[in-house]
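Chemist: Right, I'll just put the structure down here and ask away after.
Protein chains in written order, with my numbering: chain D, 1 to 331; chain S, 1 to 79.
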């Protein structure tokens, strides 16, 4: 039988009162009802649950930190302090972070994470919290700090987890997208979430015009090759009036991007990435809302991997249209 | 792997993209990409030295992890 991951508010209250250390995802109205305790949470109503993709504003997704973890510290981060997120982690540990979508701390982390002390040295995983698609411009995404009972739309929350000697955090980036063969090589003279000029196969061009004139499928992300790992930048919108393209993550100047090759069977592609699905037991996993929507994952499964469906994923840095997971393994 | 391996030339070769391997360790892929971007903007000797130290530091801190071990085997034995 599949392990339960979706819980009612009453059940989560029991877990909190038992002293469990929890990572939570759910609708704001549910998280607001929870008592103080050893938990952090983020708002989102979409999940990959035991039976497949669902939207729920009645249930909370729960990841429980194992009992062998004896020490955690929960911290909030502002734009002034987010640079410490890696350094604040335990020497042998894992940090889980949740950041509200569209917040200044979200944008700052996305742009600057690689410049922070101990970037990639200490394992970091997490997600960008969001809201239901029908209220996306009306309600702010939030994060919750269980220890104090506070919620924030302008701060990140994190749980730094100390792992016992002999255990380590093994983070995976599972990207169903690959660079299109013979695709246009695209670079940008400036980093950022909003772009206008691009250099396409060596020639300078307005990126919005390039997308429109070439009928580019904007559901397919730009893909950069990070020493063999494919990292996506997803396209949010193309504005033909301002001639700007808005992205869900920043592009970085002079990095080569190629648009992804199309995928015709998303569920099959996820299964191919998880050939070891029956044996892996992630402590935490999340998948992108764009994968959920474009792949039509409602009521479908992604190789049995469960988790919140998020407005961005974090595996050392911000990612788009990706599934990330972390397992705790023995050295 | 030990502290004295810091003085081997492989770390500088890595950050300068003079050597490419099929990395197993995800953190190394991510860190090295960021380092190489930094060096493309600032290829001063001090930045190269700092960057070499960073990638070495990543590997020596994680030398017992399976994927880091695989990379270290290649980096120290082949180069």
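The beta-carbon is built from N, C-alpha and C at its ideal position, and this holds for glycine as well.
Helix, strand or coil: how does DSSP classify residue 4(D) here?
Modeler: Working through the first chain from its first residue, we reach residue 4(D) at position 4. Coil at residue 4(D), not helix or strand.
Chemist: Taking the alpha-carbon of residue 153(D) as reference, which of 329(D), 215(D), 106(D) has the nearest alpha-carbon?
Modeler: Position 153 of the first chain, counted from the start, is the residue given in the question as residue 153(D). Of the listed residues, the one whose Cα sits closest to residue 153(D) is 106(D).
Chemist: Please give the ranges of any beta strand (DSSP E) in the segment 244-316 of chain D, keeping only runs that are unbroken, at least 3 residues long and fully inside the region.
Modeler: Runs found: 244-251, 284-288, 307-310, 313-315.
Chemist: Given that residue 121(D) touches chain S, what residues does it touch there, using C-beta distances under 9 angstroms?
Modeler: Counting from one through the first chain, the residue named residue 121(D) turns up at place 121. Here the neighbours are 27, 31, 54, 57, 58, 61, 62.
Chemist: Would you check if there are 3 or more beta carbon pairs closer than 8 angstroms linking the segment 102-117 of chain D to the segment 77-86 of chain D?
Modeler: Counting Cβ pairs under 8 angstroms, three or more are found: they touch.
Chemist: Give the DSSP bridge partners of residue 143(D), in chain order.
Modeler: The residue labelled residue 143(D) in the question sits at position 143 within the first chain. 42(D), 152(D).
Chemist: Since residue 175(D) contacts residue 310(D) with CB under 8 angstroms, what's their CB separation in whole angstroms?
Modeler: Locating residue 175(D) in the first chain gives position 175, where the first residue counts as 1. Locating residue 310(D) in the first chain gives position 310, where the first residue counts as 1. Going by Cβ atoms, the distance from residue 175(D) to residue 310(D) rounds to 15 angstroms, so no, they are not a contact pair.
Chemist: Taking only beta-carbon atoms, is residue 47(S) less than 9 angstroms away from chain B?
Modeler: No chain B is present in this structure, whose protein chains are D and S.
Chemist: From residue 69(S) to residue 4(S), what distance separates their C-alpha atoms?
Modeler: On the second chain, residue 69(S) is found 69 positions in, with the first residue counted as 1. On the second chain, residue 4(S) is found 4 positions in, with the first residue counted as 1. Roughly 17 angstroms separates the two Cα atoms.
Chemist: Just verifying my parser: in three-state terms, what is the DSSP assignment at residue 133(D)?
Modeler: Position 133 of the first chain, counted from the first residue, corresponds to residue 133(D). Looking at residue 133(D) - three-state DSSP - the assignment turns out to be helix.
Chemist: Return the first residue and the last residue of the beta strand (DSSP E) that residue 14(D) is part of.
Modeler: Residue mapping note: residue 14(D) aligns to position 14 of the first chain, counting from 1. Note, residue 14(D): premise wrong, no beta strand (DSSP E); alpha helix (DSSP H) at 9-17.
Chemist: Just to confirm before moving on: does the CB-CB distance between residue 99(D) and residue 131(D) stay below 9 angstroms?
Modeler: As a working note, residue 99(D) is residue 99 in the first chain. As a working note, residue 131(D) is residue 131 in the first chain. Against a cut-off of 9 angstroms, the Cβ pair of residue 131(D) and residue 99(D) comes out as no contact.
Chemist: So what does DSSP say about residue 321(D), is it helix, strand or coil?
Modeler: Translated into positions along the first chain, residue 321(D) becomes position 321. Reduced to three states, the DSSP call for residue 321(D) is coil.
Chemist: Is any beta-carbon of chain S found at less than 9 angstroms from that of residue 107(D)?
Modeler: Locating residue 107(D) in the first chain gives position 107, where the first residue counts as 1. Not an interface residue.
Chemist: Please state if the CB of residue 95(D) and the CB of residue 125(D) are separated by a distance shorter than 9 angstroms.
Modeler: Working through the first chain from its first residue, we reach residue 125(D) at position 125. Working through the first chain from its first residue, we reach residue 95(D) at position 95. It is a contact, given that the beta carbons lie within the stated cut-off.
Chemist: Check whether the segment 49-62 of chain D and the segment 290-299 of chain D touch, using three or more Cβ-Cβ pairs below 8 angstroms as the test.
Modeler: At 8 angstroms Cβ cutoff, the stretches touch.
Chemist: Only counting runs of 4 or more residues, tell me where the alpha helix (DSSP H) segments fall wholly within the segment 51-135 of chain D, in order along the chain.
Modeler: Segments of the alpha helix (DSSP H) lying fully in the segment 51-135 of chain D: 104-112.
Chemist: To the nearest angstrom, how far is the alpha carbon of residue 234(D) from that of residue 25(D)?
Modeler: Residue 234(D) sits at position 234 when you count from the first residue of the first chain. Residue 25(D) sits at position 25 when you count from the first residue of the first chain. Cα to Cα, the separation comes out at about 23 angstroms.
Chemist: Apply the 10 Å Cβ neighbour rule to residue 223(D) and answer buried if 16 or more other Cβ atoms are within range, or exposed otherwise.
Modeler: The residue you call residue 223(D) lines up with position 223 of the first chain. Its Cβ being crowded by 16 or more others within 10 Å, residue 223(D) is buried.
Chemist: What's the gap between the Cα of residue 121(D) and the Cα of residue 49(D)?
Modeler: Here residue 121(D) corresponds to residue number 121 of the first chain, with the count starting at 1. Here residue 49(D) corresponds to residue number 49 of the first chain, with the count starting at 1. When rounded, the distance between both Cα atoms is 32 angstroms.
Chemist: Apart from the five residues on each side of it in sequence, which residues of its chain come closer than 6 angstroms, Cβ to Cβ, to residue 21(S)?
Modeler: On the second chain, position 21 is the one that residue 21(S) refers to. So the qualifying residues of the chain are 74.
Chemist: Along the alpha helix (DSSP H) that carries residue 77(S), what are the first and last residues, could you check?
Modeler: To locate residue 77(S), count along the second chain from 1; it is residue 77. Per DSSP, residue 77(S) belongs to the alpha helix (DSSP H) from 66-78.
Chemist: Between residue 216(D) and residue 259(D), which are expected to be in contact by the criterion C-beta below 8 angstroms, what is the C-beta distance as a whole number of angstroms?
Modeler: In the first chain, residue 216(D) corresponds to position 216, counting from 1. In the first chain, residue 259(D) corresponds to position 259, counting from 1. The pair is a contact, with the Cβ atoms about 7 angstroms apart (cut-off 8 angstroms).
Chemist: Grouping DSSP H, G and I as helix and E and B as strand, with all else coil, what is residue 33(D)?
Modeler: In the first chain, residue 33(D) corresponds to position 33, counting from 1. DSSP places residue 33(D) in coil when its eight states are reduced to three.
Chemist: Bridge partners of residue 194(D), per DSSP?
Modeler: Position 194 of the first chain holds residue 194(D). DSSP output for residue 194(D) lists 246(D) as bridge partner(s).
Chemist: By the criterion of Cβ-Cβ separation under 7 angstroms, what are the contact partners of residue 65(S) in chain D?
Modeler: What you label residue 65(S) is simply residue 65 of the second chain in a count that begins at 1. Within chain D, the residues near residue 65(S) are 168, 331.
Chemist: Is it buried or exposed for residue 269(D), if we count other Cβ within 10 angstroms and need 16 for buried?
Modeler: Start at 1 with the first residue of the first chain, and residue 269(D) comes out as number 269. Buried is the call here.
Chemist: Going by DSSP in three states, residue 21(S) sits in which element: helix, strand or coil?
Modeler: Within the second chain, the letter at position 21 stands for residue 21(S). Residue 21(S) falls in the coil class under three-state DSSP.
Chemist: Am I right that residue 245(D) and residue 208(D) are in contact with their C-beta atoms under 8 angstroms? What's the rounded C-beta distance?
Modeler: Counting from one through the first chain, the residue named residue 245(D) turns up at place 245. Counting from one through the first chain, the residue named residue 208(D) turns up at place 208. 5 angstroms between Cβ atoms; contact.
Chemist: Check the Cβ of residue 23(S) against every Cβ in chain D and list those closer than 7 angstroms, keeping chain order.
Modeler: One-based indexing of the second chain puts residue 23(S) at position 23. Correct list: 227, 228.
Chemist: What do you reckon, are the CB atoms on residue 303(D) and residue 274(D) nearer than 9 angstroms?
Modeler: Counting from one through the first chain, the residue named residue 303(D) turns up at place 303. Counting from one through the first chain, the residue named residue 274(D) turns up at place 274. In this structure, residue 274(D) lies closer than 9 angstroms to residue 303(D) by Cβ.
Chemist: Could you tell me which uninterrupted alpha helix (DSSP H) segments, each at least 4 residues in length, are contained entirely in the segment 198-242 of chain D, listed from first to last along the chain?
Modeler: Entirely contained in the segment 198-242 of chain D, the alpha helix (DSSP H) runs reaching 4 residues are, in chain order, 207-213.
Chemist: For the structure I just gave you, are there three or more beta carbon pairs, one from the segment 312-330 of chain D and one from the segment 9-20 of chain S, closer than 8 angstroms?
Modeler: Too few Cβ pairs lie closer than 8 angstroms, so no.
Chemist: Need the endpoints of the alpha helix (DSSP H) that residue 60(S) sits in, please.
Modeler: Sequence index remark: in the second chain, residue 60(S) carries index 60 (1-based). Counting along the chain, the alpha helix (DSSP H) containing residue 60(S) begins and ends at 45-61.
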